[in-house]
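Reviewing the structure listed below.
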Amino acid sequence: MLYAEFVGASSEPVRNLIERGAVRRFAEAIADPNPLYADGEVAEKSRYGRLLAPPTFPRTFDYGRIEGLELPSAGLIHGEFRISYERPLLVGDELLCRVELKESYDKQGRGGLLGFLVFERTGESLGGERLFTADDVVVVTEAVRRGIGA
Amino acid sequence: MKPRWEVGDELDERTLPPLDRMRLIKYAGASGDFNPIHLIDEAAAEAGLPGIIAHGMLMVASMGLLFSGYLEHGYVKTFRSRFSGMVFLGDVLRVGGRAGGVEETDEGRLYAFEVYARRGEETVASGEVGFLIYEDHG
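If you're matching them up, the sequences are chains B and V in order. Note that the numbering used here has the first sequence beginning at 1, numbered continuously upward. Note that the numbering used here has the second sequence beginning at 1, numbered continuously upward.
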């Protein structure tokens with residue numbers, strides 16, 4: 001099992017502000033022309049009252065670092081992504097974000113022993129209310145595993 | 001008008017433009033994911049790939065486009081995606097989905113969609129989206 005000593009360890013929370021320009025650029029990058037992401041007037045008249053952030057926008061947040069955990073810089077595979085929201089995120093929201101290594105397990109694959117790391121990323125309001133929880137499953141192939149001497 | 005789906009209803013399938021390098025550069029800039037296998041040919045070759053590959057999260061965002069037209073009435077509450085294939089420059093993907101279930105909740109009507117991104121017959125990403133339609137007006 002990889003990085004067993006870090007399972008349950010989490011970063012210090014980092015404060016993130018959802019900025020209008022960052023949302024506009026992100027929406028453009030994913031080719032989503034929805035005016036609720038970019039047009040302040042349309043957003044103001046909507047039920048949200050403010051510009052929305054796209055569902056995959058939390059990718060852009062700073063979650064801090066788990067102290068001491070050094071992942072290989074190359075060769076990791078993103079196997080799965082999951083996110084769950086309590087409400088949509090809006091431009092102007094400030095969040096406290098952190099990342100935790102939630103699980104580590106091994107599985108025998110066709111190409112050798114695969115390591116799976118599950119990172120949980122969360123965002124809370126400054127008042128401590130959970131707004132979203134996202135899990136990323138990262139796959140470590142046997143070749144990468146050998147590279148880190150595990 | 002507020003959308004209403006029955007189990008089995010399909011979302012209109014969308015064909016995305018062929019993947020080009022500028023899309024990946026823009027996504028890298030906007031997301032902050034500058035992993036070189038998405039941007040630099042030599043880095044992809046070093047990793048044993050035939051060329052640079054798209055960010056997995058860009059595929060998730062592309063499947064998310066299916067719901068963009070309904071955001072006035074609700075939002076993506078849950079999204080789960082598994083990555084099953086790599087996407088290269090020039091690839092043409094289709095994204096689509098189908099309503100698999102519906103549930104009444106305190107917040108509104110929560111639809112469960114199965115979604116996919118395909119190149120030809122090959123599925124490169126698939127997942128489930130929980131889309132919540134608010135119960136109030138309309």
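Note that CB positions come from ideal geometry on N, CA and C, so glycine has one too.
Local conformation of residue i per DSSP, three classes
i                : result
Asp165 (chain V) : Residue 165 (chain V) falls outside the range modelled here, since chain V spans only 1 to 138, and no answer is possible.
Asp136 (chain V) : coil
Phe61 (chain B)  : coil
Phe26 (chain B)  : helix
Tyr111 (chain V) : strand
Phe34 (chain V)  : coil
Ala117 (chain V) : strand
Tyr75 (chain V)  : strand
Val7 (chain V)   : coil
Lys102 (chain B) : strand
Lys2 (chain V)   : coil
Ile25 (chain V)  : helix
Asp32 (chain B)  : coil
Glu122 (chain V) : strand
Arg20 (chain B)  : helix
Asp41 (chain V)  : helix
Arg146 (chain B) : helix
Glu44 (chain B)  : helix
Ala134 (chain B) : strand
Glu151 (chain V) : One cannot answer for residue 151 (chain V) here, as it falls past the ends of chain V, which runs 1 to 138.
Glu5 (chain B)   : helix
Gly64 (chain V)  : helix
Gly127 (chain B) : coil
Leu113 (chain B) : strand
Ala38 (chain B)  : helix
Leu58 (chain V)  : helix
Test: residue i CB closer than 8 Å to a CB of chain B
i                : result
Glu6 (chain V)   : no
Val102 (chain V) : no
Glu146 (chain V) : Outside the displayed range of chain V (1 to 138) lies residue 146 (chain V), so it cannot be described from this structure.
Val60 (chain V)  : yes
Thr78 (chain V)  : yes
Tyr111 (chain V) : no
Lys2 (chain V)   : no
Ser81 (chain V)  : yes
Leu66 (chain V)  : no
Leu71 (chain V)  : yes
Glu116 (chain V) : Sequence inspection shows Tyr at residue 116 (chain V); the Glu mentioned does not correspond to that position. Closer than 8 Å: no.
Ala99 (chain V)  : no
Minimum Cβ-Cβ distance from residue i to chain V less than 8 Å
i                : result
Glu28 (chain B)  : yes
Ala43 (chain B)  : no
Gly111 (chain B) : no
Ala74 (chain B)  : yes
Tyr85 (chain B)  : yes
Asn146 (chain B) : Reading off the sequence, residue 146 (chain B) comes out as Arg, not Asn. So, not an interface residue.
Phe81 (chain B)  : yes
Leu36 (chain B)  : yes
Gly40 (chain B)  : no
Asp93 (chain B)  : no
Ser46 (chain B)  : yes
Leu71 (chain B)  : no
Glu52 (chain B)  : Here residue 52 (chain B) is Leu; the residue named in the question, Glu, does not match the sequence. With 8 Å as the cut-off, Leu52 (chain B) counts as an interface residue toward chain V.
Arg59 (chain B)  : yes
Thr56 (chain B)  : yes
Arg209 (chain B) : A question about residue 209 (chain B) goes unanswered here, because the residues of chain B that appear run from 1 up to 150.
Asp32 (chain B)  : yes
Arg25 (chain B)  : yes
Cα-Cα separation, residue i to residue j
i                : j                : result
Arg15 (chain B)  : Phe79 (chain V)  : 24 Å
Gly68 (chain B)  : Leu89 (chain B)  : 31 Å
Asp39 (chain B)  : Tyr63 (chain B)  : 28 Å
Leu17 (chain B)  : Asp93 (chain B)  : 6 Å
Gly138 (chain V) : Gly69 (chain V)  : Residue placement at Gly138 (chain V) is poorly supported in this model, since its pLDDT is 44, which falls under 50; the coordinates are not used for a value here.
His78 (chain B)  : Ala112 (chain V) : 24 Å
Glu142 (chain B) : Ser84 (chain V)  : 18 Å
Asp205 (chain V) : Glu107 (chain V) : Here chain V has residues from 1 to 138 only, and residue 205 (chain V) is not among them.
Asp41 (chain V)  : Asp12 (chain V)  : 34 Å
Ile133 (chain V) : Gly8 (chain B)   : 35 Å
Arg146 (chain B) : His38 (chain V)  : 24 Å
Thr105 (chain V) : Glu70 (chain B)  : 42 Å
Pro72 (chain B)  : Val144 (chain B) : 8 Å
Asp20 (chain V)  : Arg25 (chain B)  : 17 Å
Gly51 (chain V)  : Gly149 (chain B) : 28 Å
Minimum Cβ-Cβ distance from residue i to chain D less than 8 Å
i                : result
Gly120 (chain V) : Among the chains of the structure shown, chain D does not appear; the protein chains present are B and V.
Cβ pair count under 8 Å reaching 3, the stretch 28-37 of chain V against the stretch 45-61 of chain B: yes
Inter-stretch contact (C-beta, 8 Å, three-pair minimum) for the stretch 119-130 of chain B and the stretch 88-101 of chain B: yes
At least three beta-carbon pairs within less than 8 Å, the stretch 73-86 of chain B to the stretch 86-98 of chain V: Too few Cβ pairs lie closer than 8 Å, so no.
Segment contact, 8 Å Cβ cut-off, at least three pairs: the stretch 21-32 of chain B with the stretch 47-64 of chain V: Short answer: they touch.
Validate contact between the stretch 40-47 of chain B and the stretch 99-117 of chain B using beta carbons, cut 8 Å, 3 pairs: no
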